[in-house]
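Chemist: I have a structure I would like to understand better, so I am pasting it below and will then ask my questions one at a time.
In the working numbering, the protein residues as written are 72 to 345.
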C-alpha cells in the first residue's frame with residue numbers, strides 16, 4: 072500500500088498507520104480509498120483481527136483534506152449544472168462511504184491521535200469507537216475555513232459523541248482550534264497522555280484487552296451500540312433481543328463461566344475466530 076502501513080503488534084490486534092508524512096498526512100482521495108480497502112482486508116484476512124488501532128506513522132494524525140485534490144470533488148466533465156450536481160453528489164457519497172469504513176468495520180477501532188487532527192481527521196476520529204490523544208494533539212473542524220460544509224461525518228457523528236450542542240456549533244462555525252484537555256472535558260476523548268509513545272502503549276494495551284474478550288460478544292456489542300444510537304430505545308431493545316436470540320447460543324459463554332469457577336485456573340480463555 073502507498074499511504075497505509077499495516078502491522079500486528081499483538082495477537083488479534085492490528086495497527087493501521089496513516090503514512091504520508093511529507094504532506095503532514097493530508098488525505099487525498101486515493102489515500103482514503105486505500106484506508107477503506109485496508110480495513111476491509113483485515114475483516115476477511117488470516118490474522119483473526121479482533122480490535123484495531125488507527126494512528127499515524129509520523130508526528131501528525133492528519134492535517135485534513137489534501138487541498139490539491141479537493142477541487143476534484145466537483146470535477147465532472149460537463150457544463151450542464153444538473154449533471155455536475157449529480158456527479159458531485161455521487162462523489163461525496165463515495166467519500167462518505169470510505170470515511171465510514173471505521174464504523175462499518177465489525178470489530179472496535181481505537182483512534183490514537185497525535186499532532187494535527189483537522190477536518191477529515193475529525194471525520195475519521197468520530198467514526199472510531201474510542202479516541203485517545205497525546206498532549207500535543209490539536210483539533211479543528213476546519214471545513215468552513217476552506218469554504219464548505221463538513222460532509223463526511225463530523226456533523227452527523229461529533230454532536231452525538233459530545234454532550235454540548237453549543238460547543239459543537241461554535242467549533243463548526245468558527246473552525247477554531249481546540250486542545251485535548253478541552254476535548255476530554257466535552258467527551259470527545261477518553262484520555263490524554265503526555266507523549267505519543269505513552270498514548271500508543273495505552274492504545275495497544277486497550278486493544279489487547281478488547282481482543283481477549285469473546286469476539287461474538289464484542290462484535291454484537293458494537294452492532295447494538297451503532298443501531299441504538301440511530302434508533303429509539305424500544306427499537307434498540309428489540310434489535311438486541313432478536314440478535315441475542317441467536318448469539319446467546321454461542322459456546323463462548325460456557326467457556327467464560329467455566330473459566331471463572333473455582334479451580335478454573337488462571338489460564339486465559341481462548342476463543343475461536345468468528
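From the three backbone atoms N, C-alpha and C, an ideal C-beta is built for every residue, glycine too.
1. Can you tell me where the alpha helix (DSSP H) with residue 363 in it begins and where it stops?
2. At which residue ranges does the segment 82 to 129 contain complete alpha helix (DSSP H) runs of 4 or more residues, listed in the order of the chain?
3. Quick check: residue 249 and residue 260, are their CB atoms within less than 8 Å of each other?
4. Could you tell me which whole beta strand (DSSP E) segments of length 3 or greater appear in the segment 238 to 271?
5. What would DSSP say about residue 133, mapped onto helix, strand or coil?
6. Using C-beta distances below 7 Å, list every residue in its chain close to residue 202, excluding the 5 sequence neighbours before and after it, in chain order.
7. Who are the near neighbours of residue 180 in its chain, counting only those whose CB is closer than 7 Å to its CB and skipping five residues on each side?
8. Under a Cβ-count criterion, where at least 16 other Cβ atoms within 10 Å of its own Cβ denotes burial, should residue 264 be classed as buried or exposed?
9. Of the choices 231, 221, 227, whose alpha-carbon is the least far from that of residue 245?
10. Would you mind stating whether residue 295 and residue 314 have Cβ atoms separated by less than 8 Å?
11. Considering only their Cβ atoms, is the gap separating residue 170 from residue 223 smaller than 8 Å?
12. Can you check which of these residues, 266, 108, 285, is closest to residue 339 by C-alpha distance?
13. Could you please give me the residues that DSSP links to residue 210 through a beta bridge?
14. Would you kindly check if the distance between the Cβ of residue 186 and the Cβ of residue 346 is under 8 Å?
15. Compute the distance between the beta-carbons of residue 73 and residue 135, then report whether it is under 8 Å.
16. Between residue 176 and residue 97, which are expected to be in contact by the criterion C-beta below 8 Å, what is the C-beta distance as a whole number of angstroms?
17. Considering residue 201, what are the terminal residues of the beta strand (DSSP E) in which it resides?
18. Can you check whether the CB of residue 204 is closer than 8 Å to the CB of residue 247?
19. Consult DSSP for residue 293 and reduce its assignment to one of helix, strand or coil.
20. Nearest CA to the CA of residue 327: which residue from 320, 341, 88, 316?
21. Drop a sphere of 10 angstroms on the beta-carbon of residue 116, count the other beta-carbons inside from all chains shown, and report buried for 16 or more, exposed for fewer.
22. Do you know how far the Cα of residue 289 is from the Cα of residue 178?
23. Suppose the cutoff is 7 Å on Cβ atoms and the five residues either side in sequence are ignored; what does the same chain contact list for residue 257 look like?
24. Counting C-beta neighbours from all protein chains within 10 Å, is the total for residue 217 16 or more, i.e. buried, or is it exposed?
25. Rounded to whole angstroms, what is the Cα-Cα separation between residue 133 and residue 104?
26. Using the Cβ count rule (16 or more neighbours within 10 Å means buried), how would you classify residue 151?
Modeler: On the basis of the coordinates in this document:
1. Coverage of the chain is limited to positions 72 through 345, which leaves residue 363 absent and any answer about it impossible.
2. 100 to 115
3. Indexing the chain shown from 1 puts residue 249 at position 178. Indexing the chain shown from 1 puts residue 260 at position 189. Cβ distance not < 8 Å, so residue 249 and residue 260 don't count as in contact.
4. 262 to 264
5. Walking along the chain shown from the start, residue 133 turns up at place 62. Strand at residue 133.
6. Sequence index remark: in the chain shown, residue 202 carries index 131 (1-based). Around residue 202: 182, 184, 196, 259, 260, 261.
7. In the chain shown, residue 180 corresponds to position 109, counting from 1. Closer than 7 Å at the Cβ level, and outside the excluded window around residue 180, lie 123, 125, 173, 199, 200.
8. Counting from 1 along the chain shown, the entry for residue 264 is found at position 193. The residue is buried, with at least 16 neighbouring Cβ atoms inside 10 Å.
9. Here residue 245 refers to the residue found at position 174 when the chain shown is read from its first residue. A check of alpha carbon separations from residue 245 across 231, 221, 227 identifies 221 as the nearest.
10. The sequence position of residue 295 within the chain shown is 224, counting from 1. The sequence position of residue 314 within the chain shown is 243, counting from 1. Closer than 8 Å, so yes.
11. On the chain shown, residue 223 is found 152 positions in, with the first residue counted as 1. On the chain shown, residue 170 is found 99 positions in, with the first residue counted as 1. Contact: yes.
12. As a position in the chain shown, residue 339 is number 268, starting the count at 1. Nearest option by C-alpha distance: 285.
13. As a position in the chain shown, residue 210 is number 139, starting the count at 1. Its beta-bridge partners are 188, 249.
14. Nothing can be reported for residue 346: it is not among the residues displayed for the chain, which extend from 72 to 345.
15. Mapped onto the chain shown, residue 73 falls at position 2. Mapped onto the chain shown, residue 135 falls at position 64. Not a contact, by the Cβ cut-off of 8 Å.
16. The residue given as residue 176 occupies position 105 in the chain shown. The residue given as residue 97 occupies position 26 in the chain shown. The Cβ separation is near 23 Å, so there is no contact.
17. Looking up residue 201 in the chain shown gives position 130. Counting along the chain, the beta strand (DSSP E) containing residue 201 begins and ends at 201 to 205.
18. As a position in the chain shown, residue 247 is number 176, starting the count at 1. As a position in the chain shown, residue 204 is number 133, starting the count at 1. Taking 8 Å as the Cβ cut-off, residue 247 and residue 204 do not qualify as a contacting pair.
19. Locating residue 293 in the chain shown gives position 222, counting from the first residue. Of the three classes helix, strand and coil, the one that applies to residue 293 here is helix, per DSSP.
20. Along the chain shown, one-based indexing puts residue 327 at 256. Of 320, 341, 88, 316, the residue nearest in Cα terms is 341.
21. Taking the chain shown and counting its residues from 1, one reaches residue 116 at position 45. That one is exposed.
22. Taking the first residue of the chain shown as position 1, residue 178 is located at position 107. Taking the first residue of the chain shown as position 1, residue 289 is located at position 218. So the alpha carbons of these two residues sit roughly 7 Å apart.
23. Stepping through the chain shown from its first residue, residue 257 is reached at position 186. Here the set comprises 233, 234, 235, 238.
24. Position 146 of the chain shown, counted from the first residue, corresponds to residue 217. Exposed, because fewer than 16 other Cβ atoms sit within 10 Å of the Cβ of residue 217.
25. The sequence position of residue 133 within the chain shown is 62, counting from 1. The sequence position of residue 104 within the chain shown is 33, counting from 1. A direct Cα-Cα distance of roughly 15 Å separates residue 133 from residue 104.
26. On the chain shown, position 80 is the one that residue 151 refers to. The residue is exposed, with fewer than 16 neighbouring Cβ atoms inside 10 Å.
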